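Residue numbers (our numbering), protein chains in the order written: chain A, 1 to 287; chain B, 288 to 614; chain C, 615 to 867.
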Amino acid sequence: MSKGVLSKNKRNSKVFKILSLTAVFIGFIALGIMLVDIFIDGAGRISWDFLSNFPSRRPGRAGILSALVGTLWMMSLTAAFSFPLGLGAGIYLEEYARKNWFTKLVEINISNLAGVPSIIYGLLGLGIFVRVCGFERSLLSGALTLTLLILPIIITTTRESLKAVPKSLREASYALGATQWQTVYSQILPVAMPGILTGTILALSRAIGETAPLIAIGALTYIAFLPHGVFDPFTVLPIQVFNWISRPQHGFAINAAAAIIILLLITLMMNSVAIYLRRKFQRRVKW
Amino acid sequence: MNTEETFDVKPIGRLFAVLSYFTKINLAGLMKNFSRKKAYDKGIKGILFLCASLSILTTIGIISVLIFETVEFFKEVHILDFLFDSQWTPLFYEKHFGIMSLLCGTILVTLIAMLVAIPLGILSAVYLNEYAGERFRSIAKPVLEILAGIPTVVYGYFALFFVTPLLQKVVPGLSGFNALSPGIVMGIMILPMISSLSEDAMRAVPKSLREGAYAMGATKMQVAFRVVIPAATSGIVSSFILGMSRAIGETMIVTIASGQMPRLTFDPRVPIETITAYIVQVSLGDTPVGTIEYNTIFAAGMTLFIFTFTLSIFSHWLKKRFREEYS
Amino acid sequence: MVENNVFDISALNVWYGEKQVLKDINIEIKANCVTALIGPSGCGKSTFLRCLNRMNDFIPEFHLEGKIINNGTDLYAQKIDPIEIRRDIGMVFQKPNPFPKSVYKNITFGLNIFGVKDTEKLDKIVEDSLRKAALWDEVKDDLNRSALSFSGGQQQRLCIARAIAVNPKVILFDEPCSALDPIATGKIEDLITELKKDYTVVIVTHNMQQAARISDFTGFFMLGELAEFDKTKKIFTDPSNKVTEDYITGRFG
């Protein structure tokens, strides 16, 4: 091979390196521009009034109180439903299930469900919770719909966290005469719990950003009161944002940007908690 | 370090406090304790099993809701009209039910998104896998993850109020609602997914293959294109498919930025409507249960479900093949 | 000392799926003795050990024929619950595997699961077990410290204390020193010799000197068969089997 070919190869490789680095940065830059754009549009609008007012026809007086409260309701309810269900299913599949056709079916099914578009879950919620169960367009219908939506994620992270617990720990517990549940509950779960919680929080942060399925079950876009119970109608932040975006007046677009900032702050907060949990426990437990 | 290393799960388990104190002499008590424990263990197993079975019920629920309402729909609309009529106007006085015009919108936006996401995704995956140091990776991956975790309404806002006005300066005749802008933004949204899954696939290529090529004097680029990418093809393609499935099912970006005008066109500059945007459009209105308008969203949903389901099965098959190649 | 058998094992055959890993094992294990099981890797000695407290039950393809009688009970009889068995037959593993909890909680776990809650009683058992495991002086001020913060040798002795705490009759050791340095190994060996006063000990080891040092009886496994079983002295000075002699003198393995 001549020296010329080699140096040409090297040059190509260098050009390619720059090209691919650019690709990575396009993602970063897009993220940066988007955040800056929204911040510029909306930051000036955020005030105590904006947080504590109900929506209004006049953009200057409108606030996100009902949406914010709705989002908090939705988050707590969805957490209360999805965590135990996801945990239970994860434990069953990882610790108890025999390797038979049913287990396999459940596994394939869960990974397929993870790929079903969220709007389809909305139609499911509309058909089952709103109509068959008769929960109407309530917080309960919404939370159950979001629960089904994020269950596959929680089940998967639960399983991964359980799988990461060393076999030796299980053996130690069984050798002392512990039953399977005693072993799972007293020894395995405590070790796996940080991972499971991290995954659950991330899944929840996805749930509170969801708009489409809640619109499909008929969540209202204009609500000037606070829900008092799970059977009350509701709105959430992303729906409020969507509603304002689709109004023609410029003032509402600014409101939307401000509401987005609040929404992003909430998701950012949840993500930080998750990452903090992961870091904290990763460092401490080692074998 | 004076603290416990693990999590306290006691609150969950206090419910189940097992039998009290017993001593070695208390053999009868011991036996009783055991059988109680066994019954209790079985009960727990049953509950856990029910949790796992819920996922099957979910699928059954989705399919039956979709089928039930779709059947109602086809009682009124002939399947040939559904498949071949060129217009979709269920909300107008003169109703047409040609799904093609919605499907066309979905496919157009998805194509644009893939045109953005595939090259960028592959290139970033190659960079992260072949060139980047551990430090860069440890920063870049979480940032890309953040990109994937941003609610889609936010992307919608960005497409409508930032990207579209920007593009209007460059693209002549670009309407305020169009397929181009949401397509590009959607591409950026699925970029992290494609790059991270492709990177996983590339990472799984055995080191020995790579070393073999380096030993022959290949540059990093040559290794990436001639060794790593070909070896990881099925994994990479499977990431494209998952990305495509996300794009097809994505709702808010298109609802916000692409308009509500179902039409059979591949012109990215004009307003269109996707299947998902149509479902939202109807859901926002006050459509009474049992009307044909109400049923259309399920027929549209069914079409969507069939597409994403097929893609998901296909990607499974690919992944399985990939795993077989390297184990 | 009355020599009675803790285990009477007859015609034991074990398969993993199609593969037979133990062939026609017949052995009697005496109470309050240390019985060592030696042999090259993959000879089935660990599998055999794990049959004694049914720890093989977790392997899906595991299949057993023959009888293991423990003090008159057939361990593999239909009505037997493996969980009950493991209470009487403790086990210490190859790598120290303390729970990622405090020293105190490691030892009380076995008691808690059987409903012992009385703090005074628990305190006493913790101290007794740690003393028996020759660990008390080293950890008595750190009972609430995480078990994982101790050295490997200390962790292994903690695992022994944990096994002792539930007051078993037998303790099985599965190569307990293979992850430890010589000094820690020495301490564990002294401890095992001490333990046989109160317990019956069965130990799998790949270290022949260890078997010679601490055991009363030695079984030599070879390709899934029990090639020879006798008093340790006899095995190491005058083996009746040529293969045993070859192995012990280091001609293979």
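Idealized CB from N, CA, C, for every residue including glycine.
What you are looking at is a predicted structure, and each value in this text was computed from that prediction instead of being measured.
Residue i, buried or exposed, once every other Cβ within 10 Å from all chains shown has been counted against 16
| i | result |
| --- | --- |
| M318 of chain B | Because M318 of chain B sits at a pLDDT of 46, beneath the cut-off of 50, its placement in the model cannot be relied upon, and the following sentence gives the value as read from the coordinates. By the 10 Å Cβ count, M318 of chain B comes out exposed. |
| R668 of chain C | buried |
| T851 of chain C | exposed |
| D788 of chain C | buried |
| W244 of chain A | buried |
| G63 of chain A | buried |
| V818 of chain C | buried |
| V396 of chain B | buried |
| S7 of chain A | exposed |
| T357 of chain B | buried |
| V576 of chain B | exposed |
| N640 of chain C | exposed |
| R865 of chain C | exposed |
Contact check, residue i vs residue j, beta carbons under 8 Å
| i | j | result |
| --- | --- | --- |
| K746 of chain C | A775 of chain C | yes |
| A258 of chain A | I46 of chain A | yes |
| V815 of chain C | I806 of chain C | yes |
| G142 of chain A | I201 of chain A | no |
| Q187 of chain A | A67 of chain A | no |
| E95 of chain A | V24 of chain A | no |
| L146 of chain A | T78 of chain A | yes |
| R278 of chain A | T158 of chain A | no |
| T267 of chain A | G195 of chain A | no |
| G530 of chain B | I481 of chain B | yes |
| R98 of chain A | P233 of chain A | no |
| G767 of chain C | A748 of chain C | no |
Under 9 Å by beta carbon: chain B residues contacting residue i
| i | result |
| --- | --- |
| R206 of chain A | G436, P438 |
| L31 of chain A | V430, L431, I433, L434, I437, I475 |
CB contact below 8 Å: residue i versus chain A
| i | result |
| --- | --- |
| G631 of chain C | no |
| G470 of chain B | no |
| G522 of chain B | no |
| V724 of chain C | Looking at the sequence itself, residue 724 of chain C is Gly, so the reference to Val does not match. Yes - at least one Cβ of chain A is within 8 Å of the one on G724 of chain C. |
| P479 of chain B | yes |
| N667 of chain C | yes |
| K746 of chain C | no |
| V620 of chain C | no |
| I354 of chain B | no |
| I343 of chain B | yes |
Any chain C beta carbon closer than 8 Å to residue i
| i | result |
| --- | --- |
| V15 of chain A | no |
| E107 of chain A | no |
| G195 of chain A | no |
| L169 of chain A | yes |
| Q240 of chain A | no |
| A172 of chain A | yes |
| K99 of chain A | yes |
| S76 of chain A | no |
Under 8 Å from the C-beta of residue i: neighbouring residues of chain A
| i | result |
| --- | --- |
| A586 of chain B | By Cβ distance, chain A contributes nothing, its closest Cβ being about 11 Å from A586 of chain B, past 8 Å. |
| I405 of chain B | The contacting residues do not exist; I405 of chain B stays about 11 Å from chain A at best. |
Cross-chain neighbours of residue i in chain A, by beta carbon under 7 Å
| i | result |
| --- | --- |
| R701 of chain C | G177 |
| K709 of chain C | S168 |
Any chain B beta carbon closer than 8 Å to residue i
| i | result |
| --- | --- |
| T71 of chain A | no |
| L139 of chain A | no |
| A79 of chain A | no |
| Q249 of chain A | no |
| G218 of chain A | yes |
Beta-bridge pairing of residue i - partner residues as DSSP gives them
| i | result |
| --- | --- |
| T520 of chain B | Paired residues: none, contrary to the question. |
| W629 of chain C | C:Q634, C:H677 |
| W375 of chain B | B:F384 |
| S138 of chain A | A:P233 |
| S760 of chain C | C:S716 |
| T397 of chain B | Answer by DSSP bridge pairing: none, since T397 of chain B is not bridged. |
| L35 of chain A | Note: L35 of chain A sits in no beta bridge, so no partner. |
| K622 of chain C | Sequence check: residue 622 of chain C is Asp here, not Lys. Paired residue(s): C:E642, C:I683. |
Under 9 Å from the C-beta of residue i: neighbouring residues of chain A
| i | result |
| --- | --- |
| G704 of chain C | A175, L176, G177 |
| Q547 of chain B | Going along chain A, no residue has its Cβ under 9 Å from Q547 of chain B, so there is no contact; the nearest lies around 10 Å. |
Residues that residue i contacts on chain C, provided the C-beta gap is smaller than 8 Å
| i | result |
| --- | --- |
| V191 of chain A | P714 |
Amino acids of chain B, ordered along the chain, whose beta-carbon sits closer than 8 Å to that of residue i
| i | result |
| --- | --- |
| K163 of chain A | Simply none; closest approach about 16 Å. |
beta-carbon residue i near the ligand FAD non-hydrogen atom, thresh 7 Å
| i | result |
| --- | --- |
| F281 of chain A | For the structure depicted, the ligand FAD is absent and the ligand set is empty, with no information on it obtainable. |
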